[in-house]
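Everything below concerns the one structure shown next.
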Amino acid sequence: MLMYVHVPFCRSKCGYCSFYSAPLPAGAAGEDLLRSYLTALLREMRRRAAQYGRVPVETIFFGGGTPSLLPGRAVAGILDEARRSFNVAADAEISLEANPESLLLSDFPGEARRAGVNRLSIGVQSLDDAELAALGRAHGSRAARAAVDVARAAGFASVNLDVLWGLPGRAGRAPSQMRLLALLKDIADLRPDHISAYELTPEQGTPLAGALERGELVRPGEKSLASMYLAGAEYLESRGFLQYEVSNFARLGFACRHNLGYWQGQDYLGLGPSATSTLRNRRFTNPADLTEWIAATAHNADPPCEQIDTTTRLEEMLMLRLRTTAGLSFAEWRRASGRSFPADFAAPVALLRREGLAGLRRGYFFLTRTGMLVSDAIIARFFADLRTIITPSRGPARSRT
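Residue numbers for the sequence shown follow the working numbering, beginning at 182 and rising by one.
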């Protein structure tokens with residue numbers, strides 16, 4: 182099982198962020214709120230252990246928000262409770278997201294490392310001060326660079342840097358492919374072990390989306406975004422970062438085991454406000470409100486639960502596996518559906534291969550890098566075909582091949 186811990190606190194809300202988070206007040210008010218959060222989190226963890234038993238935990242991921250705003254002793258306490266409540270593997274990957282400025286203000290990196298965190302994911306996003314200010318980030322490029330040195334000095338042997346690309350600009354000044362490659366060069370020169378390069382997608386309701394709607398900012402066009410993606414991925418691989426998922430690149434041996442677990446369909450337990458869990462074909466999501474979530478844990482109240490049916494499970498298998506460069510295993514598909522993937526999807530597979538958008542390799546179907554650019558459309562076609570051969574109420578029909 183994978184474990185995700187949502188830490189909802191941040192210094193300030195970034196203009197593009199749609200995740201649930203809230204500023205942490207200063208002084209006594211912030212300390213009280215943090216104490217209430219930690220009490221509720223440990224209570225929720227113990228309740229899930231009582232429900233599901235001491236199941237094996239292979240990875241733990243602190244996300245947010247800004248988990249590096251937690252005191253080091255709080256991270257240690259959460260991990261101690263996880264080990265008491267569950268069977269956390271001795272070699273578990275324990276990741277924590279951090280913003281550069283919070284790594285420079287205290288001994289948090291050393292405290293987190295001593296608590297057992299062994300992978301640090303730093304939200305650099307850009308190394309251009311003007312872009313960072315436009316995004317609403319609290320750090321500048323100098324702090325981003327210094328944070329990597331601090332992480333190494335604390336003993337982290339696995340460091341990821343998050344980068345955003347396809348950023349909007351003023352009319353006539355949208356970022357170019359040349360600027361992206363310059364950014365990726367600077368990022369690679371920092372010698373991280375992993376790079377997550379995400380296209381910035383405006384989320385409805387965020388200040389960024391509002392600025393785009395008003396015409397104050399302009400996004401690069403689709404052709405420009407496509408060329409940026411292809412050129413950026415090629416450049417990162419030339420620097421030794423192998424692409425293993427749509428947006429993720431790693432040196433050999435440093436792929437994120439936690440995220441791979443999501444894409445491979447492993448069970449995961451989400452703790453904290455807004456966190457989602459998928460366990461034993463059941464899915465539930467905690468309230469996306471800190472006060473409401475704390476009250477729910479105090480009353481042992483469970484959120485509404487969804488039973489995952491056959492069609493949903495197969496759709497998610499398609500969607501998640503085709504995000505990875507490995508692709509979808511025919512053997513795994515047969516085990517889950519009782520059917521032959523090559524037989525059922527012969528027409529779209531042949532078309533995609535002719536167009537250079539997909540390939541077959543040792544019992545796997547995968548999208549090429551060009552195919553990943555249009556993966557939403559490809560997956561939608563597979564979903565439509567899937568619904569013609571799967572009857573949710575009766576489960577999968579059997580293939581003849």
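All C-beta atoms in this analysis are idealised placements derived from N, C-alpha and C, irrespective of residue type, glycine included.
Proximity of residue i and residue j at Cβ, strictly below 8 Å
i, j, result
"Met-182", "Leu-452", "no"
"Ile-560", "Leu-503", "yes"
"His-439", "Ser-322", "no"
"Leu-567", "Thr-492", "yes"
"Asp-374", "Ala-431", "yes"
"Ser-249", "Asn-280", "yes"
"Ser-266", "Ala-311", "no"
"Leu-308", "Ala-325", "yes"
"Pro-485", "Asn-467", "no"
"Ala-456", "His-187", "yes"
"Leu-285", "Val-331", "yes"
"Gly-291", "Leu-365", "no"
"Glu-380", "Leu-406", "yes"
"Leu-433", "Leu-423", "yes"
"Leu-219", "Pro-206", "no"
"Leu-448", "Arg-461", "Sequence check: residue 448 is Asp here, not Leu. Contact flag set, yes."
"Gly-552", "Phe-511", "no"
"Glu-278", "Phe-243", "yes"
"Ala-363", "Ser-428", "no"
"Gly-442", "Met-498", "no"
Same chain, Cβ closer than 6 Å to residue i, five either side skipped, listed in chain order
i, result
"Phe-564", "Glu-496"
"Leu-223", "Glu-262"
"Met-500", "Ile-560"
"Met-184", "Val-238, Ile-241, Leu-450"
"Phe-546", "Gly-508, Leu-509"
"Pro-529", "Arg-562"
"His-594", "Lying outside 182 to 582, the shown extent of the chain, residue 594 is not represented and no answer is given."
"Gln-358", "Ser-408, Met-409, Ala-412"
"Phe-200", "none"
"Leu-361", "Trp-346, Met-409, Gly-413"
"Glu-426", "Arg-504, Thr-505"
"Ala-315", "none"
Sequence-distant residues of its chain with Cβ nearer than 8 Å to residue i (five each side left out)
i, result
"Asp-557", "none"
"Ser-202", "Pro-189, Phe-190, Cys-191, Lys-194, Gly-245, Gly-246, Thr-247"
"Arg-534", "Gly-540, Leu-541"
"Val-555", "Leu-538"
Assigned exposure category for residue i - 16 Cβ within 10 Å defines buried
i, result
"Ala-273", "buried"
"Arg-294", "buried"
"Gln-488", "exposed"
"Ser-518", "buried"
"Cys-437", "buried"
"Leu-591", "In the structure displayed, the chain extends from 182 to 582; residue 591 sits before or after that span and is not available."
"Gly-347", "buried"
"Thr-621", "For the chain, the structure presents residues 182 to 582; residue 621 sits outside this window and is missing."
"Thr-505", "buried"
"Arg-641", "A question about residue 641 goes unanswered here, because the residues of the chain that appear run from 182 up to 582."
"Gly-304", "buried"
"Arg-300", "buried"
"Pro-401", "buried"
Cutoff 8 Å: residue i Cβ touching any chain B Cβ
i, result
"Leu-371", "Absent here is chain B; the protein component of the structure consists of one chain."
Close beta carbons around residue i, own chain, < 7 Å, minus the five adjacent residues each side
i, result
"Ser-217", "Ile-475"
"Phe-289", "Ser-249, Gly-253, Ser-283"
"Val-236", "Met-182, Phe-267, Asn-268"
Exercise for the section: Check whether the region 364-382 touches the region 410-428, taking contact to mean three or more Cβ pairs, one atom from each stretch, closer than 8 Å. Expected result: Output reads yes: the region 410-428 touches the region 364-382.
Practice task
Kindly confirm or deny that the region 512-532 and the region 388-406 touch, where touching means at least three C-beta pairs closer than 8 Å.
Solution key: No, they do not touch.
Handout entry: Every unbroken beta strand (DSSP E) inside the region 312-358 [3 residues or more]
Key = Under the rule that a run must span 3 or more residues, the beta strand (DSSP E) segments found entirely inside the region 312-358 read 340-346.
Problem - Cβ contact (3+ pairs, closer than 8 Å) linking the region 247-266 and the region 292-306 - result: Yes, since at least three Cβ pairs between the region 247-266 and the region 292-306 fall closer than 8 Å, the two stretches touch.
Handout entry: Segments assigned beta strand (DSSP E), at least 3 residues, entirely inside the region 476-518
Key = You should have 486-488.
Practice task
Count the CB pairs spanning the region 529-548 and the region 462-477 that are closer than 8 Å, and state whether there are at least three.
Solution key: The region 529-548 is not in contact with the region 462-477.
Problem - 4 or more residues per run - each alpha helix (DSSP H) lying fully within the region 200-231 - result: The region 200-231 contains no whole alpha helix (DSSP H) run of 4 or more residues.
Handout entry: Contained beta strand (DSSP E) runs [length at least 3] in the region 353-431, N- to C-terminal order
Key = Counting whole runs of 3 or more residues, the region 353-431 contains the beta strand (DSSP E) stretches 375-380, 423-426, 429-431.
Practice task
Counting only runs of 4+ residues fully inside the region 272-319, write out the alpha helix (DSSP H) ranges in chain order.
Solution key: Along the region 272-319, the alpha helix (DSSP H) occurs as fully enclosed runs of 4 or more residues at 281-284, 289-296, 310-316, listed in sequence order.
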